[in-house]
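One structure below.
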Ligand code: PMP
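Numbering (UniProt numbering), first residue to last: 1 to 395.
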């Protein structure tokens, strides 16, 4: 490392230290008895033996890696079957699988964006979308969260021939939902594409016959010509990878233009196989998505009880969390308080997510709890009692 670079690294580390923003990955040393309210394994499929068996079989048949880009030798029959099943699950015409959700978002934004495109982005869009906007060299207008008037204004006054509205159907840190039908009406009126990141709603959102099929399928919007979806295979589907879902024409464009597809080694066949098994389970075991909603309501009720007690600095976010998905977001007074609370919870056997800048803007540090399908009523009672005690004892 050069002297100038070392000096810069040391200065950056000192700034992080001073601001209480030092991050380090929590290492899991093996399965433990902690109540898991931190992972995105919403349906409990990451440890399902059926996914493990499917992955093992795929390794036996195809080997441990995809061996090259999808365009060279990295596409197996498993990739194509997974694409067809994902499209069918979400009600979209076709799908293209990437090796992560991050790369799927880079792929779609760069392949549809450019100097002739305006992207109207919700201020809470995930970092992978934001990075894609930047790489795409589109004009980007960031609008306040779920603000239809601001979105409409940007679309109406645009000079670019093409436009995208970028949202998440359930927001990753805040856990609330985007008003999809109204956004789609705006997209139609202004000839724009509605790009919906379903990372936190695939497997979780949708009701009745569409239990777990995602928010777009659940609101009967799938297959609409103005709608494009992205998804990750790493949360509800318990695997790794990502996908873009849209028309066959769009798929063909991505195969030819999305650099994060073309120049990346294909998704490992074992991950494709595990995700494929997960899609089957989502279809046949709708109780899992229903359990997420039930557990979200129980956790939310447990946290709402805390809110009523004097002296407690948390304000659980409102109603949409109980119905929209698995994510409950607990605002904390500071980044240091969020870190201290999450560490204390971890010490007491409850794993929670801790979100501080730069993952969230200054002033919105929070604990993120995921109401996973396989939590028991005992887990939930214990987690609520633990969090309540920790928050009560905080200075
Ligand atoms: N979009 C959203 C909203 C996410 O939360 C994430 C993962 N944190 C991604 C995309 C990226 O997905 P992956 O982890 O598969 O790269």
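The beta-carbon is built from N, C-alpha and C at its ideal position, and this holds for glycine as well.
Pairwise C-alpha distance: residue j and residue i
i, j, result
"residue 168", "residue 271", "24 angstroms"
"residue 329", "residue 146", "17 angstroms"
"residue 286", "residue 7", "55 angstroms"
"residue 362", "residue 142", "17 angstroms"
"residue 65", "residue 112", "29 angstroms"
"residue 190", "residue 222", "19 angstroms"
"residue 109", "residue 55", "30 angstroms"
"residue 381", "residue 225", "45 angstroms"
"residue 196", "residue 4", "42 angstroms"
"residue 230", "residue 201", "11 angstroms"
"residue 370", "residue 326", "5 angstroms"
"residue 76", "residue 44", "27 angstroms"
"residue 203", "residue 373", "11 angstroms"
"residue 302", "residue 384", "6 angstroms"
"residue 198", "residue 2", "43 angstroms"
"residue 409", "residue 267", "The structure shown does not extend to residue 409, since the chain is modelled only from 1 to 395, so the question has no answer here."
"residue 386", "residue 345", "7 angstroms"
"residue 438", "residue 51", "Residue numbering for the chain in the displayed model covers 1 to 395; residue 438 lies beyond these limits and cannot be assessed."
"residue 73", "residue 255", "14 angstroms"
"residue 246", "residue 228", "5 angstroms"
"residue 125", "residue 339", "23 angstroms"
"residue 259", "residue 377", "46 angstroms"
"residue 144", "residue 21", "25 angstroms"
"residue 24", "residue 188", "44 angstroms"
"residue 48", "residue 263", "32 angstroms"
"residue 278", "residue 238", "7 angstroms"
"residue 37", "residue 368", "8 angstroms"
"residue 153", "residue 355", "31 angstroms"
"residue 14", "residue 394", "26 angstroms"
"residue 149", "residue 219", "21 angstroms"
"residue 63", "residue 9", "40 angstroms"
"residue 131", "residue 388", "37 angstroms"
"residue 215", "residue 28", "32 angstroms"
"residue 123", "residue 134", "14 angstroms"
"residue 206", "residue 11", "48 angstroms"
"residue 19", "residue 96", "41 angstroms"
"residue 360", "residue 353", "12 angstroms"
"residue 157", "residue 46", "46 angstroms"
"residue 317", "residue 193", "Legend: pLDDT at residue 317 = 42, less than 50; position of this residue unreliable, value from coordinates given subsequently. In a straight line, the C-alpha of residue 317 is about 30 angstroms away from that of residue 193."
"residue 396", "residue 120", "Only positions 1 to 395 of the chain appear in this structure, which leaves residue 396 out of reach."
"residue 251", "residue 94", "7 angstroms"
For residue i, the three-state DSSP class (helix, strand or coil)
i, result
"residue 319", "Below a pLDDT of 50, predicted positions are generally treated as unreliable, and residue 319, at 36, falls in that range; no measurement from the model is reported."
"residue 197", "strand"
"residue 189", "helix"
"residue 28", "coil"
"residue 208", "helix"
"residue 98", "strand"
"residue 238", "coil"
"residue 264", "coil"
"residue 152", "helix"
"residue 173", "coil"
"residue 22", "coil"
"residue 279", "helix"
"residue 162", "strand"
"residue 220", "coil"
"residue 68", "coil"
"residue 383", "helix"
"residue 291", "helix"
"residue 324", "helix"
"residue 406", "Outside the displayed range of the chain (1 to 395) lies residue 406, so it cannot be described from this structure."
"residue 374", "coil"
"residue 90", "helix"
"residue 5", "helix"
"residue 305", "helix"
"residue 48", "coil"
Those residues which DSSP pairs with residue i across a bridge
i, result
"residue 360", "For residue 360, which the question treats as bridged, DSSP gives no partner whatsoever."
"residue 354", "367"
"residue 122", "143"
"residue 331", "366"
"residue 407", "No information on residue 407 is available, as it lies outside the stretch 1 to 395 that the chain covers here."
"residue 259", "Paired residues: none, contrary to the question."
"residue 103", "None; residue 103 has no bridge partner."
"residue 15", "Partner(s): none; residue 15 has no beta bridge."
"residue 57", "Answer is none; residue 57 lacks a bridge partner."
"residue 35", "350"
"residue 168", "197"
Cβ of residue i within 8 angstroms of any chain B Cβ
i, result
"residue 193", "Within the model displayed, chain B is absent; a lone protein chain is all it includes."
heavy atom of the ligand ATP below 7 angstroms from residue i C-beta
i, result
"residue 219", "Questions concerning the ligand ATP fall outside what the structure shown contains, since the ligands it does hold are the ligand PMP."
Any 3 or more C-beta pairs closer than 8 angstroms across the segment 241 to 254 and the segment 94 to 108:
yes
Contact the segment 33 to 47 vs the segment 287 to 301: 3+ CB pairs below 8 angstroms:
The segment 33 to 47 is in contact with the segment 287 to 301.
With a cut-off of 8 angstroms, do at least 3 Cβ pairs link the segment 114 to 122 to the segment 154 to 169?
yes
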